[in-house]
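Residue numbers (our numbering), protein chains in the order written: chain A, 252 to 395; chain B, 252 to 395.
Working notes, beginning with the structure itself.
There are 2 protein chains.
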Amino acid sequence: MFQGEYTNNMDDKGRVNIPAPFRDVLLKNYDDSSIVVTRDPYAPCLRAYPQREWKRLLSKVSARPSNDRTVIAFKRTVISSAQEYAPDKQGRVLIPQNLRDYASLSKGSVFAGSLDTFEIWDVSAWDAQLASSLSLLQDMDLDF
Amino acid sequence: MFQGEYTNNMDDKGRVNIPAPFRDVLLKNYDDSSIVVTRDPYAPCLRAYPQREWKRLLSKVSARPSNDRTVIAFKRTVISSAQEYAPDKQGRVLIPQNLRDYASLSKGSVFAGSLDTFEIWDVSAWDAQLASSLSLLQDMDLDF
DNA sequence: AACAAGCTACCCACTTTTACCCACTAACCG
DNA sequence: CGGTTAGTGGGTAAAAGTGGGTAGCTTGTT
Numbered sequence: 252m253f254q255g256e257y258t259n260n261m262d263d264k265g266r267v268n269i270p271a272p273f274r275d276v277l278l279k280n281y282d283d284s285s286i287v288v289t290r291d292p293y294a295p296c297l298r299a300y301p302q303r304e305w306k307r308l309l310s311k312v313s314a315r316p317s318n319d320r321t322v323i324a325f326k327r328t329v330i331s332s333a334q335e336y337a338p339d340k341q342g343r344v345l346i347p348q349n350l351r352d353y354a355s356l357s358k359g360s361v362f363a364g365s366l367d368t369f370e371i372w373d374v375s376a377w378d379a380q381l382a383s384s385l386s387l388l389q390d391m392d393l394d395f
Numbered sequence: 252m253f254q255g256e257y258t259n260n261m262d263d264k265g266r267v268n269i270p271a272p273f274r275d276v277l278l279k280n281y282d283d284s285s286i287v288v289t290r291d292p293y294a295p296c297l298r299a300y301p302q303r304e305w306k307r308l309l310s311k312v313s314a315r316p317s318n319d320r321t322v323i324a325f326k327r328t329v330i331s332s333a334q335e336y337a338p339d340k341q342g343r344v345l346i347p348q349n350l351r352d353y354a355s356l357s358k359g360s361v362f363a364g365s366l367d368t369f370e371i372w373d374v375s376a377w378d379a380q381l382a383s384s385l386s387l388l389q390d391m392d393l394d395f
């Protein structure tokens, strides 16, 4: 389970450090430190999947009719941009330019746990999202 | 059951002491002194869950449709920021910067029991909240 | 085909942060 | 009044995060 929110800096080479607690989860629960990083189609951020969760997503997609418009769109945006990354010895991965652009990642990067996956945001986009999520919640009473 | 109101000081390192009565409850009723601390979406304070209560919340959330706007907002604000903390030998936990910011915690911190969970407030925010809660109650007669 | 340029993976070194431990003071209780 | 427990402050070793050099690969060009 990925939980918690961490801010790490991307360096000039485009590398970001995966927060240590997330690396622990990858190793302990998935015993495989590599992740699949891709666009999140619903928000301007990236989403990282452990190998196993990514396979689950893939099989869900292939269960759908392949000529469906939304399935095609999903394949183009999410699946095509997906790439597998193995962190280096320091626990960093290199985010390619196209994904960096998509999430407007520059330096401060927020890693937000989301149970089976985790999200990667630019810090200013994260702050904006957080503010709007909070105001949304304050109106709707969710009784959690 | 967490009850009572206690004020403790956060030190320069960002550590706060969990009031001893709360630690007792954790050990006696949950036999696990670790807690999950996260944002409270409805007020500028933090909320601490014993492990078991946190799991209950998680299962309530995952029972909801995962594409619901408010559920997504809840995940981002509450679940993402949630982190598990085991108190040190003195009974303190380190509150990370993002949560400190959210609740404007600086030094004087109020721990307020809330039955299954407890809240952590900055002392001035607590005072303000208390005043407005009181005036709200004086208008509505709840016959407790 | 050979060479140059750029990129990337890997490695090493440094800085910052955090977890853990110990010691002190203040409050409470008998 | 002494003893015990709660709360506070701070030192230090380990871990996490950061910056950068270099060798080797890929790519593209003459």
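Glycine is no exception: its CB is placed at the ideal position from the N, C-alpha and C atoms.
Nothing here was measured: the structure is a model prediction, and the numbers come from that model.
Contact set between residue i and chain B, taken where Cβ atoms lie within less than 9 Å
| i | result |
| --- | --- |
| methionine 391 of chain A | Arg320, Thr321 and Ala324 |
Residue i versus residue j - alpha carbon distance
| i | j | result |
| --- | --- | --- |
| aspartate 390 of chain B | alanine 382 of chain B | 13 Å |
| glutamate 256 of chain A | serine 331 of chain B | 6 Å |
| leucine 309 of chain B | phenylalanine 325 of chain B | 11 Å |
| leucine 388 of chain B | phenylalanine 253 of chain B | 22 Å |
| serine 284 of chain A | tyrosine 293 of chain B | 36 Å |
| serine 357 of chain B | asparagine 318 of chain B | 37 Å |
| alanine 376 of chain A | glutamine 348 of chain B | 18 Å |
| lysine 340 of chain B | lysine 311 of chain A | 47 Å |
| alanine 314 of chain B | valine 322 of chain B | 10 Å |
| lysine 306 of chain B | aspartate 262 of chain A | 36 Å |
Residues bridged to residue i [DSSP beta-bridge criterion]
| i | result |
| --- | --- |
| proline 301 of chain B | B/Ile286 |
| asparagine 260 of chain B | B/Gly359 |
Residue i vs residue j beta-carbon contact at 8 Å
| i | j | result |
| --- | --- | --- |
| glutamine 302 of chain A | tyrosine 281 of chain A | yes |
| asparagine 260 of chain B | glycine 359 of chain B | yes |
| alanine 299 of chain A | phenylalanine 369 of chain A | yes |
| alanine 333 of chain A | valine 276 of chain A | no |
| aspartate 378 of chain A | glutamate 304 of chain A | no |
| threonine 289 of chain B | leucine 385 of chain A | no |
Own chain partners of residue i with C-beta closer than 6 Å, once the 5 adjacent residues on each side are dropped
| i | result |
| --- | --- |
| tryptophan 419 of chain B | Here chain B has residues from 252 to 395 only, and residue 419 of chain B is not among them. |
| arginine 266 of chain A | Arg343 and Leu345 |
| proline 316 of chain B | none |
Cross-chain neighbours of residue i in chain A, by beta carbon under 7 Å
| i | result |
| --- | --- |
| proline 338 of chain B | The contacting residues do not exist; proline 338 of chain B stays about 17 Å from chain A at best. |
| serine 331 of chain B | Glu256, Ala363, Gly364 and Ser365 |
Chain-ordered neighbours of residue i on chain B, where CB pairs are closer than 8 Å
| i | result |
| --- | --- |
| leucine 381 of chain A | Arg327 and Thr328 |
| leucine 396 of chain A | In the structure as shown, chain A begins at 252 and stops at 395. Residue 396 of chain A is therefore absent and cannot be evaluated. |
Cβ neighbours of residue i in the same chain (closer than 7 Å, five flanking residues each side left out)
| i | result |
| --- | --- |
| arginine 351 of chain A | Gly265 |
| aspartate 291 of chain B | Leu297, Arg298 and Glu370 |
| leucine 278 of chain A | Ser284 |
Chain B contact residues for residue i, given Cβ-Cβ distances below 7 Å
| i | result |
| --- | --- |
| leucine 385 of chain A | Pro292 and Thr328 |
Sequence-distant residues of its chain with Cβ nearer than 8 Å to residue i (five each side left out)
| i | result |
| --- | --- |
| arginine 274 of chain A | Ser284, Pro338 and Gly342 |
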